[in-house]
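Residue numbers (the working numbering): 936 to 1541.
Notes to accompany the following structure.
As C-alpha cells, then:
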C-alpha cells in the first residue's frame, strides 16, 4: 500500500552513487541556490504523474525585466532558466511534438512527468524494493552563467506489485479472461463495469478491461471517498471502449453533488510536513490505456492521473447523443453556490489533476448534426479552480468551443500538446487555449494562496484551499506555464473565428515558452496569436505563423477594472515591439550533473 512511510524506507535503500542518484549534485560556486520540491507525492502507482517545483530557487543578484529585483518575476520567466531531468530514459518522446519526455529546458520553474513502471524490464527497476526508482534533478542558472543543482527521489510501483489478485477485477464482454492476472477470484471476473453503490468501496483496487473485446462497456464511476484505484486494460488487441468514466460521484454515476452530511465522511485535502499531499477527495486514482466516449471529473479530485486515453471520434461512433470526445473537469464545481445542502467552504479545489497523452477529437464532418462534436475538447468550467495540475503530451481538435478552457488555475503546466483548432460553434470567437479567472469579471483576492493550507484544517483558517461562496475570496491565476505547445493546424474544415493563446487579465507571474503557431489559409487573419493580460507575464521562443497578429495586450476590464493588469509588466518576444517585444534572452542550462571545463565548484569536486 502506498504510504509516506514506504516512501521514506524505499528511497533510502537506493540512495547510492550511480546514474540515478542524488549524490552527484553540484554548483558553479556562484550566487544561485537551487531548490526542488515534489508538490504531489513521492511514491505512487503506475502510471502516475508527479508535479515538481523549483520555484523556491533564489539569487540575491536577481534582475527582472523591469530593472528591479522582484524575486517572483526572476523565478517565473525573467531571469532564471531551468533544466529538469526526470531520470526516465525509457519514457521516449511525445508523439505530438517529438520532444523528449525526459527533460524540460526553459524558464518555467514547474514541471510534470508521468512515470510508467511495468517491472523488471524498466531501466530504473529496483528488484529489492520491487519498484522503479528515479532521481529527478534540476539545474537552475542565471544569465551570468552561475548555476546550482538540486535533486529529489521518486518511486513508482507496478500495478502487479501494488495490487493483490483479490484486489483485481477483470472485465470481458465475451468472458475471455486470457491475460487476466493469475489468481483473480471468479467473483471478480465480470462481463461489464461493476455497478456503483454505497455498500461497495473499491479503494485500493484495479479494474482491468479486456483489450480487443467487442461492444461498449457501461460507465465506470469512482466515488469521492474512493482512493488509489487504477482503471486500465489487460490482454492484447485494440483498447477497450467504455461509454464514460466518471471520477467523483456521491452515490451514483449521475450524482456528482454530495450533501454536507456526505462530505463529513470524505478525506480532507491535506499535506504532511514535507509538503507532500497525503489525502483528499478521490485521492490517488488513475485511468489509462482505454478508449472512451467521454470522461468526467466531479466537483473535486486529488492526485488524479488520466494517461494514454483515446477520445478521438473524428470518424464518428456508435452514439446518438451529443458531446462525444469531451474531457470535462469539475464542471459541476459551482453547484455548491446554488445548493442549500452543500456548503462551498467544505468543497476543496482540485489539486493535482493530470491530463497526460490524451487525445480528444470531434467529428467535424457532420458539424455537430449527428452529435460527434464536443462542446469543448478539454475544459474545466464553472468556477473550476485547478491547483498544481498539468496537461502534457495531449492533442485536441474540433469542438463547438475552445480546444482548452480553464476557469481559474494556479500552477497549471501545459506542455508538449497540440491544440489544433476547428471550432465549429458560432457563439463568439474561440481560442486554442483560453485561461481565465475562476469567476469571469469578478474582483478576486490578492492574498488568497491555494497552495497554503494546513493539514487537517477543513473549515477555513487555511487560507485558500477551500472554495468560498464569497467570490472576492477566490484566488487570481498565478504560476501558469505553457511549454513547447503547437497551436492551430495546416488543414482545418470549418471557418474559424478564433484566437490562439488567451491569458485573461488577472494572471500573475505566468509565462509562455516555445509556442509554434501553424498557418491555415482559411483562418481569420485578424485573430491574435498571443493575447496577454495580467502582470509579470512573458513569452519566449515563439514561432509565429507570419500572418496573424503576433501579440496584443488583453485589456478586458468590463464591467469594472477589477482585473490585475499592467501592460508595462508584460514582456513578449513578438517582433516590431508588440507587447513590449524584444525581451532579454534566458540562459540554457546544461543537464544536471554535467560539467563544463571552465566551471568553478563551491567546495571542489565532490
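Note that beta-carbon positions come from the ideal geometry of N, C-alpha and C, so glycine has one too.
Keep in mind the model is a prediction, meaning the values are calculated, not measured.
* Do residue 1040 and residue 1353 have their C-beta atoms within less than 8 Å of each other? -> Not closer than 8 Å, so no.
* Hey, out of 1324, 1355, 1089, whose CA is closest to residue 1337's CA? -> It is 1355.
* Would the region 1073-1081 and the region 1095-1112 be scored as touching if the rule is three or more Cβ pairs under 8 Å? -> The count of Cβ pairs closer than 8 Å, one atom from the region 1073-1081 and one from the region 1095-1112, stays below three, leaving the stretches out of contact.
* To the nearest angstrom, report how far apart residue 1212 and residue 1203 are at their CA atoms. => 10 Å
* **Cβ shell of residue 1391 (< 8 Å), same chain only, five flanking positions each side left out** => Confidence at residue 1391 is low in this model, with a pLDDT of 39, below 50, so its placement is unreliable and no value can be given for it.
* Can you tell which of 1253, 1445, 1276 has its C-alpha closest to the C-alpha of residue 1150? -> 1253
* Taking one C-beta from the region 991-1011 and one from the region 1443-1458 each time, how about it: are there three or more such pairs within less than 8 Å? -> yes
* Please work out which residues of its chain come closer than 8 Å, Cβ to Cβ, to residue 1277, disregarding the five sequence neighbours upstream and downstream, and give them in chain order. => Setting aside the 5 residues that flank it on each side, residue 1277 is surrounded in the same chain by 1192, 1193, 1194, 1195, 1198, 1270, 1271, each with a C-beta closer than 8 Å to its C-beta; the list follows chain order.
* Asked: In whole angstroms, what separates the C-alpha of residue 1224 from that of residue 959?
  -> 36 Å
* For residue 1009, the three-state DSSP class (helix, strand or coil) -> DSSP places residue 1009 in helix when its eight states are reduced to three.
* Asked: Between which two residues does the beta strand (DSSP E) harbouring residue 1198 extend?
  -> Where residue 1198 is concerned, there is no enclosing beta strand (DSSP E), although the alpha helix (DSSP H) it sits in stretches over 1195-1198.
* Grab the span of the beta strand (DSSP E) containing residue 1443 for me, first residue to last. => 1443-1448
* Could you pull out every residue in the same chain whose Cβ sits closer than 8 Å to the Cβ of residue 1314, ignoring the five residues on either side in sequence? => 1261, 1262, 1263, 1264, 1266, 1336, 1337, 1339, 1340, 1341
* residue 970 - partner residues in DSSP beta bridges -> BP columns for residue 970 are empty, so no partner.
* What is the DSSP secondary structure of residue 1524, reduced to helix, strand or coil? -> Residue state, collapsed to three classes: coil.
* To do: Kindly confirm or deny that the region 1046-1057 and the region 1365-1380 touch, where touching means at least three C-beta pairs closer than 8 Å.
  => Touching, no.
* To do: Tell me whether the beta-carbon of residue 1170 lies closer than 8 Å to the beta-carbon of residue 1114.
  => yes
* Where does residue 1499 sit, in a helix, a strand or coil, going by DSSP? -> coil
* To do: List the residues that DSSP assigns as beta-bridge partners of residue 986.
  => Partner(s): 1047.
* To do: Using three-state DSSP, classify residue 1168 as helix, strand or coil.
  => strand
* **Alpha-carbon to alpha-carbon, residue 1512 and residue 1012** => 18 Å
* Within 10 angstroms of the Cβ of residue 975, are there 16 or more other Cβ atoms? Answer buried if so, exposed if not. => buried
* Rounded to whole angstroms, what's the CA-CA distance from residue 1472 to residue 1421? Just pull it up for me. => 19 Å
* Just mark residue 1209 as buried or exposed, buried being the case when its beta carbon has 16 or more other beta carbons within 10 Å. => exposed
* Cβ contact check for the region 1022-1031 and the region 1501-1508: 3 or more pairs under 8 Å -> no
* Mind checking who residue 1218 pairs with in its DSSP beta bridge? => Secondary-structure assignment with DSSP links residue 1218 through a beta bridge to 1237.
* **Euclidean distance between Cα positions of residue 1158 and residue 1186** => If you take the alpha carbons of residue 1158 and residue 1186, they lie about 7 Å apart.
* To do: Hey, could you find the ends of the alpha helix (DSSP H) residue 1094 is sitting in?
  => From DSSP, the alpha helix (DSSP H) with residue 1094 extends over 1094-1097.
* Going by alpha carbons, who is nearest to residue 1146 out of 1133, 1138, 1166, 1132? -> Of the listed residues, the one whose Cα sits closest to residue 1146 is 1166.
* So, residue 1410 versus residue 1450, is the Cβ gap smaller than 8 Å? -> no
* Asked: Can you tell me whether residue 1101 is buried or exposed, with buried defined as 16 or more other CB within 10 angstroms of its CB?
  -> exposed
* **Cβ neighbours of residue 1123 in the same chain (closer than 6 Å, five flanking residues each side left out)** => 1104
* To do: Answer with buried or exposed for residue 1121, where buried requires no fewer than 16 other C-beta atoms within 10 angstroms of its C-beta.
  => exposed
* **Neighbour-count burial assignment, residue 1528, 16 or more Cβ in a 10 Å radius** => buried
* From the DSSP output, in three-state form, read off residue 1016 for me. => strand
* To do: With a cut-off of 8 Å on the beta carbons, I'd call residue 1464 and residue 1485 a contact; round off their distance for me.
  => 6 Å
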